[in-house]
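Report on the following structure.
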Amino acid sequence: PSPFEPAKYHRKTHSHHVASLQLQAFGHAQEVEDLDFFSDFAIRAGYALGIPLSKVHSLKTTKSLWTVPKGPFVHKKSQENFERRTNRRLIKVWDADVEVVEKWLHFLRIHAMEGVGMRAEVFRH
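Following full-length UniProt numbering, the numbering of the sequence shown begins with 1 at its first residue and continues without gaps.
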């Protein structure tokens, strides 16, 4: 398989939602590229393990703003603004055994990229 081919997906059979993986990155274009690259890596790793996954969903980008005085009390009028954008992606896991999903998540933690955070929610029924 070529890395330039689009990622492949296994079909879900029973629509049993097993887990959700949320990936997030702060920052600008390079961090968003890293986030998209790692999302693709996670999809390909899940395909190799035979896990039916959803396509990558882009979640709402949140923007946080801070205003900080540049100096002490006397210089209150000169302030500096800071902004942080948080980009998120969501991957849903369907119809897979919980042990296989945990191995997939462990593999992703081992090969995690710097600047990309992961939050996994595994549903046990």
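Glycine included, each C-beta is placed from N, C-alpha and C at the ideal position.
Since the structure is predicted, the reported quantities are computational estimates derived from the model, not experimental observations.
Distance, residue j Cα to residue i Cα
| i | j | result |
| --- | --- | --- |
| A96 | H17 | 9 Å |
| V98 | Y9 | 18 Å |
| A25 | F123 | 24 Å |
| W66 | S78 | 14 Å |
| V68 | R84 | 14 Å |
| residue 128 | H28 | With the chain running from 1 to 125 in the structure shown, residue 128 is simply not present. |
| S20 | L59 | 13 Å |
| T86 | L49 | 30 Å |
| H75 | L105 | 50 Å |
| W94 | G117 | 22 Å |
| D34 | R109 | 15 Å |
Residue span of the beta strand (DSSP E) that contains residue i, given as start and end
| i | result |
| --- | --- |
| R89 | Q79 to W94 |
| K8 | Note, K8: premise wrong, no beta strand (DSSP E); not H, not E. |
| A19 | H17 to F26 |
Minimum C-alpha distance to residue i - residue among the options
| i | options | result |
| --- | --- | --- |
| P52 | G71, S15 and E114 | S15 |
| H111 | G71, A42, V68 and V98 | A42 |
| E121 | F37, V101, E114 and L49 | V101 |
| R11 | D36, K103 and S54 | S54 |
| V56 | P6, M113, H125 and T62 | P6 |
| K70 | K63, N81 and S64 | N81 |
| E114 | T13, F37 and F73 | F37 |
| R44 | H125, G117 and F107 | F107 |
Coil, strand or helix - residue i by DSSP
| i | result |
| --- | --- |
| H57 | strand |
| F123 | coil |
| K63 | strand |
| V74 | helix |
| V68 | strand |
| H14 | coil |
Burial state of residue i, where buried means 16 or more other Cβ atoms lie within 10 Å
| i | result |
| --- | --- |
| R119 | exposed |
| V23 | Reading off the sequence, residue 23 comes out as Leu, not Val. Under this definition L23 is a buried residue. |
N-terminal and C-terminal residue of the alpha helix (DSSP H) that residue i is part of
| i | result |
| --- | --- |
| I43 | A29 to A48 |
| E114 | Careful: E114 lies outside any alpha helix (DSSP H) and carries neither H nor E. |
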